[in-house]
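Read the sequence shown against our numbering and you will find it ends at 197, with the numbers running on by one and no gaps. We put the CB at the ideal spot given by N, CA and C, even for glycine. Below: one structure, written as structure tokens.
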Amino acid sequence: MLKFQEEMTELRKCTMKMASLTASMVERSIDVLLDMDLEGAEKMVDDFTKVDRLDRKIEESAIRILTLYQPMASDMRAVATYMKSITYMERIAKYCKNIAGAAQYLKDKPSYDVCRCLKPMGDTAAEMVRIVINGLMNASVDGFDRITDMDNILDDALRHDMKEIIDFITKCPESADVCTYYISVMKFIERIGDHACKIAEKVTFMVTGFHAIIE
């Protein structure tokens, strides 16, 4: 039993480390792009490598715990939640790495005013991730009632701002290359919000024992 508790503690520690790093990447990603911060972009790529390593380590540890100890009730829900959540966190981190890649590509390209729409979307996605990561860390659903509305904000912004960018490309064809990257980043941000919703569903199950659909 002592060995089981030690391994559960280490599993939780690694999961929280991955969660904290993922949330930090989301908070930094849009500023890296808007500031064309190449040093920050390289750091984002390095951080993704760390997230990827933690993803594999946590999965292996979780499978070991399930196989050796067959935990009951709340411990089983916690392990299951960690296993599912790290999948979504790895995807979120990958989107952040892709945003960093956009910054590296666009560094010497002209900037266009339509990129201003990225910041509000990025802030909304970062807040969603902060809420669900705090929930995961503290075994709490506090703030989860805001997640659906915030996800709807991202969906509406994606539709509205994409139209604005496409209209701008029509008027300014030479912007097509750069603006296509803006559109890709908007889609990455929207997907980050979707994955935050999925994490919220898993944390809700861990805390309450009941499944929820958050979208």
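Asked, Found
"Own chain, CB closer than 7 Å to cysteine 161, minus 5 neighbours either side, in chain order", "Tyr94, Val96, Ile147, Phe150, Ile151"
"Closest residue to tyrosine 135 among Pro102, Ala158, Glu156 (Cα-Cα distance)", "Rather than tyrosine, the amino acid found at residue 135 in this sequence is isoleucine. Nearest C-alpha to isoleucine 135: Pro102."
"Length at least 3, wholly inside the segment 90 to 140: the beta strand (DSSP E) runs in chain order", "none"
"Reduced DSSP secondary structure (H/G/I, E/B, other) of cysteine 154", "coil"
"Cα-Cα separation between leucine 15 and arginine 38, rounded to whole angstroms", "28 Å"
"Option in Lys145, Asp138, Met71 with minimal Cα separation from methionine 0", "Met71"
"Whether phenylalanine 30 touches cysteine 78 by CB criterion (8 Å)", "yes"
"Short Cβ contact (8 Å threshold) for valine 111 with alanine 5", "yes"
"Distance, cysteine 179 Cα to threonine 130 Cα", "8 Å"
"Rounded separation between histidine 177 and leucine 50 - CA only", "30 Å"
"Beta-carbon contacts of glutamate -8 that lie in its chain and below 8 Å, excluding the five residues immediately before and after", "Ser43"
"Candidates Ile68, Ala182, Met(-10), of which the one nearest lysine 32 by Cα", "Ile68"
"Candidates Met119, Ile113, Lys89, Asn120: closest to aspartate 133 by CA position", "Ile113"
"Residue interval of the alpha helix (DSSP H) (run including cysteine 65)", "The residue asked about is misnamed: residue 65 is methionine in this sequence, not cysteine. That run of the alpha helix (DSSP H) goes 55 to 88."
"Nearest candidate by alpha-carbon position, reference valine 189, set Ser2, Leu20, Ser56, Lys(-15)", "Ser56"
"Exposed unless 16 or more other CB atoms sit within 10 angstroms - verdict on valine 61", "buried"
"Nearest to lysine 10 (by Cα), restricted to the options Thr(-3), Lys(-15), Asn80", "First, the residue type needs correcting, since residue 10 is arginine and not lysine in the sequence shown. Comparing Cα-Cα distances from arginine 10 to each of Thr(-3), Lys(-15), Asn80, the minimum goes to Asn80."
"Burial state of phenylalanine 192, where buried means 16 or more other Cβ atoms lie within 10 Å", "exposed"
"Residue from Lys184, Lys76, Ala82 whose Cα sits closest to the Cα of methionine 119", "Lys184"
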